[in-house]
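Residue numbers (this note's numbering): 992 to 1118.
Glycine residues also receive a C-beta, built at the ideal position from the N, C-alpha and C atoms.
Read through the structure below, which is laid out as structure tokens, and then see the notes.
Shown next as structure tokens:
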């Protein structure tokens, strides 16, 4: 869901700017798609996933709320292999083992497809 900073909030102690931060999070449709992707991916080595919900009472140093992220485990490694997190209106895919950003994707479904292409991309439009 997008987060909007109201103009009256900027005048109270913050420097005014023309930047309005937009931030998306995990929606119910993302959770449902993740479950389908996990089930389909078991035969291709996808082991498990964890959704780390941002705590609503925790605030970052800059006053913003922390974002949700998804950790994905594969059979080859006991540690999480991938992390998906929203960044603005895109999804960033990170190789957790090598601590390396793999790319930024327009949809959650496309980022999962890069990890393991277990569902046809045509299905991502309906998800």
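Check: Using only the alpha-carbon positions, how far apart do residue 1076 and residue 1065 sit?; Outcome: 18 Å
Check: What are the boundary residues of the alpha helix (DSSP H) that residue 1105 is part of?; Outcome: 1099 to 1106
Check: Would you give the residue range spanned by the alpha helix (DSSP H) that residue 1066 belongs to?; Outcome: Where residue 1066 is concerned, there is no enclosing alpha helix (DSSP H), given that its DSSP letter is neither H nor E.
Check: DSSP has residue 1042 in a bridge; who is on the other side?; Outcome: 1061
Check: Please identify the residue among 1036, 1038, 1034, 1074 whose C-alpha is closest to the C-alpha of residue 1099.; Outcome: 1074
Check: Can you tell me which residues form a DSSP beta bridge with residue 1076?; Outcome: 1083
Check: Which residue's Cα is closest to the Cα of residue 1067: 1037, 1101, 1026, 1028?; Outcome: 1037
Check: Starting from the Cα of residue 1070, find the closest Cα among 1081, 1078, 1090 and give me that residue.; Outcome: 1090
Check: To the nearest angstrom, how far is it from the Cα of residue 1043 to the Cα of residue 1025?; Outcome: 13 Å
Check: The ligand NAP heavy atoms versus the CB of residue 1088: any closer than 7 Å?; Outcome: This structure lacks the ligand NAP; in fact it carries no ligand of any kind.
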